Amino acid sequence: MEKKFYLTTPIYYPSANFHIGHCYTTIIADAIARYKRLCGYDVFYLTGSDEHGQKIQKKAEEAGVTPQKYVDDIVSNAKDLWERLNISYDKFIRTTDSEHVICVQKIFEKLYKQGDIYKDEYKGLYCTPCESFWTESQLVDGKCPDCGRDVSEVSEEAYFFKLSKYQDKLVKFYEDNPNFIKPDSRKNEMINNFIKPGLEDLCVSRTSFDWGVPVTFDDNHVVYVWLDALTNYISALGYLSADDSLFKKYWPCDLHIVGKEIVRFHTIIWPIILMALDLPLPKQVFGHGWLVIDGGKISKSLGNYKDPREYIDTYGVDAVRYFVLREVPFGNDGNFSEEALITRTNGDLANILGNLVNRTIGMANKYFDGVIENRNVKEEVDDKLISEALELRNKVDNYMANNEVSKALEAIIDLFRSSNKYIDETMPWVLAKDASKKDRLATVLYNLIETIRIGSVLLQAFLPDTSAKIFHQINTDLTSFDSITEFGGYVSATKVNEAEVLFKRIEN
Numbered sequence: 052m053e054k055k056f057y058l059t060t061p062i063y064y065p066s067a068n069f070h071i072g073h074c075y076t077t078i079i080a081d082a083i084a085r086y087k088r089l090c091g092y093d094v095f096y097l098t099g100s101d102e103h104g105q106k107i108q109k110k111a112e113e114a115g116v117t118p119q120k121y122v123d124d125i126v127s128n129a130k131d132l133w134e135r136l137n138i139s140y141d142k143f144i145r146t147t148d149s150e151h152v153i154c155v156q157k158i159f160e161k162l163y164k165q166g167d168i169y170k171d172e173y174k175g176l177y178c179t180p181c182e183s184f185w186t187e188s189q190l191v192d193g194k195c196p197d198c199g200r201d202v203s204e205v206s207e208e209a210y211f212f213k214l215s216k217y218q219d220k221l222v223k224f225y226e227d228n229p230n231f232i233k234p235d236s237r238k239n240e241m242i243n244n245f246i247k248p249g250l251e252d253l254c255v256s257r258t259s260f261d262w263g264v265p266v267t268f269d270d271n272h273v274v275y276v277w278l279d280a281l282t283n284y285i286s287a288l289g290y291l292s293a294d295d296s297l298f299k300k301y302w303p304c305d306l307h308i309v310g311k312e313i314v315r316f317h318t319i320i321w322p323i324i325l326m327a328l329d330l331p332l333p334k335q336v337f338g339h340g341w342l343v344i345d346g347g348k349i350s351k352s353l354g355n356y357k358d359p360r361e362y363i364d365t366y367g368v369d370a371v372r373y374f375v376l377r378e379v380p381f382g383n384d385g386n387f388s389e390e391a392l393i394t395r396t397n398g399d400l401a402n403i404l405g406n407l408v409n410r411t412i413g414m415a416n417k418y419f420d421g422v423i424e425n426r427n428v429k430e431e432v433d434d435k436l437i438s439e440a441l442e443l444r445n446k447v448d449n450y451m452a453n454n455e456v457s458k459a460l461e462a463i464i465d466l467f468r469s470s471n472k473y474i475d476e477t478m479p480w481v482l483a484k485d486a487s488k489k490d491r492l493a494t495v496l497y498n499l500i501e502t503i504r505i506g507s508v509l510l511q512a513f514l515p516d517t518s519a520k521i522f523h524q525i526n527t528d529l530t531s532f533d534s535i536t537e538f539g540g541y542v543s544a545t546k547v548n549e550a551e552v553l554f555k556r557i558e559n
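Numbering follows my numbering, in which position 316 of the sequence shown is assigned residue number 367; successive positions increment by one, without gaps.
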């Protein structure tokens with residue numbers, strides 16, 4: 052049976068300025084998608100942009116352009132950044148796409164006709180930047196608990212979704228599916244902070260602005276952002292359209308990766324919408340932490356903002372990807388600094404990986420004119436390296452099964468570190484001085500090349516450009532997941548290419 056995997060990141064709220072924190076979720080999801088493809092899965096990776104709402108309309112007015120023009124420019128910028136970061140998404144959905152708009156309208160009508168949506172008047176507190184409604188008890192020091200900004204009192208006619216009707220069913224689902232919300236701390240937060248106090252019905256339309264999906268049977272209303280935005284995960288697959296083949300193939304979603312600030316929308320509102328539609332629920336929602344600078348948020352006003360392309364241009368795309376993937380234990384907050392990026396690049400990528408590949412290929416070209424042969428003259432010191440190389444696939448697979456991307460990458464770098472130690476232990480430069488040790492020297496170099504190949508096969512999920520360069524330098528096309536089940540896959544008597552520097556050491 053074909054293995055399928057549907058992975059999503061939340062569609063981002065368009066902003067003219069992207070910082071490295073915006074890239075975190077997308078890079079993590081890309082590594083998971085690439086790894087699943089490497090393992091033989093048919094992967095569908097969805098990302099996109101959430102383009103409706105009062106905030107967008109106001110910003111467009113301030114810029115003197117239409118809301119559509121405003122979001123079109125930002126989406127173009129986003130797609131360029133994702134391309135620069137080597138993001139391998141399968142579809143980029145926009146909530147202004149006609150197929151999405153039609154799907155949202157059909158869902159709204161369906162929920163209204165079955166009595167899960169009703170008209171009333173909304174009076175309460177609203178945060179425009181977050182597009183979120185709050186009760187007085189949920190505020191922190193009188194401000195929005197998500198962004199810390201002021202909220203305003205609003206009163207308007209609105210349609211409401213019967214969130215409260217499904218509370219008990221949602222709790223039962225949590226109990227029956229203990230891995231639905233990860234990490235566990237996020238689940239405890241949802242239960243204690245939102246469900247136990249009692250769910251309130253959700254406002255799902257607005258009349259105070261018109262930049263949104265129109266409600267088909269009431270011209271005064273547009274669909275409120277969360278019912279609009281969340282349904283992208285099924286509208287992108289053709290749900291309720293003439294061609295729903297992708298929906299039938301990939302739904303339910305295997306993994307929603309979201310920032311911790313929107314976990315409640317994805318683990319309370321979204322599951323209940325699906326329950327009301329009588330659709331299967333996602334298998335897991337993983338709420339990761341934030342990438343912060345010195346414990347605080349990244350912003351232009353604080354003077355700690357840089358466009359991520361500046362880091363890419365200065366240090367290289369794989370150095371940026373590596374830092375984001377390696378530095379932050381997935382689920383926790385992580386600290387970003389340019390100094391830390393330089394330290395990681397110099398230490399792990401230049402000193403360990405780059406040095407290993409450069410030394411090994413250099414010795415192969417020096418001692419054997421680049422020809423790598425396995426002459427099977429083994430010693431006890433070989434066994435430890437070979438054993439670690441063979442264990443790596445299962446080790447990385449176990450980490451990735453739990454979305455522990457940082458640990459998976461650490462295990463790969465550890466193998467390269469052990470390979471450098473193996474060079475120090477076997478001392479090829481000493482073996483080269485003794486003609487009787489030539490077969491042993493050839494075996495040592497073969498072991499190194501094969502270990503580099505095995506590590507690089509797994510590394511390609513995280514650092515695709517670097518892995519491709521390594522495969523070229525060692526002259527192999529054996530790059531599949533299945534090619535590393537045994538040690539010795541590298542074809543004996545292959546001639547390597549010239550060594551090229553993978554990562555230059557950065558002088559701070």
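Every residue, glycine too, gets a C-beta built ideally from N, C-alpha and C.
Everything numeric in this text was worked out from a predicted model, so none of it was measured.
- Counting only runs of 4+ residues, the alpha helix (DSSP H) found wholly inside the region 102–137 occupies 105–114 and 118–135, in chain order.
- Around the beta carbon of Asn397, a 10 Å sphere encloses 16 or more other beta carbons of the protein chains shown; the residue is thus reported as buried.
- In this structure the region 529–545 touches the region 420–431; the number of beta carbon pairs closer than 8 Å is three or more.
- Around the Cβ of Gly199, a 10 Å sphere holds fewer than 16 other Cβ atoms; the residue is exposed.
- The straight-line gap separating the alpha-carbon atoms of Ser286 and Ile557 is approximately 45 Å.
- Distances from the alpha-carbon of Glu150 to those of Trp262, Asp279, Lys238 and Val202 put Asp279 closest.
- Taking every protein chain shown into account, the CB of Asp384 has fewer than 16 other CB atoms within 10 angstroms, so this residue is exposed.
- Bridge pairing for Lys233: Phe337 [DSSP].
- When the Cα atoms are used, Pro380 and Ile144 turn out to be separated by approximately 29 Å.
- Sequence-distant Cβ neighbours of Ser518 in its own chain, meaning closer than 6 Å and more than five residues away, are Ser507, Leu510 and Gln511.
- Sequence-distant partners of Ile403 (beyond 5 residues in either direction) whose C-beta falls short of 8 Å from its own C-beta, in its chain, are Ile464, Phe467, Arg468 and Asn471.
- Taking the C-beta atoms as reference points, Lys357 is found no nearer than 9 Å to His73.
- Three or more Cβ pairs closer than 8 Å define a contact, and the region 332–345 falls short of that threshold against the region 89–100.
- Counting only runs that start and end inside the region 150–178, the beta strand (DSSP E) elements of at least 3 residues fall at 168–178.
- Here Glu182 is actually not in contact with Thr258; their C-beta atoms are around 15 Å apart, not less than 8 Å.
- By the neighbour-count definition (other C-beta atoms within 10 Å, threshold 16), Lys233 is a buried residue.
- An exposed status is given to Pro229, since fewer than 16 other beta-carbon atoms sit within 10 Å of its beta-carbon.
- Asn454 sits buried, since 16 or more C-beta atoms from the chains shown fall within 10 Å of its C-beta.
- Annotated three-state conformation of Ser292 is coil, per DSSP.
- Two segments are said to touch when three or more pairs of C-beta atoms, one from each, lie closer than 8 Å; by this definition the region 287–301 does not touch the region 256–272.
- When Cβ pairs closer than 8 Å are counted between the two stretches, the region 157–177 is seen not to touch the region 299–310, the count staying below three.
- Going by DSSP, Ser518 is part of the alpha helix (DSSP H) stretching over Pro515 to Ile525.
- DSSP lists Asp171 as the bridge partner or partners of Ala209.
- The continuous alpha helix (DSSP H) containing Ser438 extends over residues Glu431 to Ala452.
- In this structure, the CA atom of Asn406 is about 52 Å from the CA atom of Val116.
- In this structure, His103 sits near Val276, with a CB-CB distance shorter than 9 Å.
- Annotation: Lys429 to Thr494 spans about 7 Å, alpha carbon to alpha carbon.
- Here Tyr57 carries a strand assignment [DSSP, helix/strand/coil].
- In this structure, Glu378 places its C-beta atom within 9 Å of the C-beta atom of Ala391.
- The closest CA to that of Leu97, considering only Tyr225, Glu134 and Ala80, is found on Ala80.
- Counted as a single uninterrupted DSSP element, the beta strand (DSSP E) harbouring Tyr96 occupies residues Asp93 to Ser100.
- Cβ contact annotation for Thr318 (same chain, cutoff 6 Å, sequence separation greater than five): Ile232, Met241 and Val336, in chain order.
- The C-alpha of Met451 is placed about 11 Å away from the C-alpha of Arg85.
- Secondary structure note for Val375: its alpha helix (DSSP H) is the uninterrupted segment Val368 to Glu378.
- Separation of the CB atoms of Phe211 and Asp148 is rounded to 26 Å, and the pair is thereby denied contact status at 8 Å.
- Between Phe159 and the set Cys195, Asn243, Ala327 and Lys299, the nearest pair of CA atoms involves Ala327.
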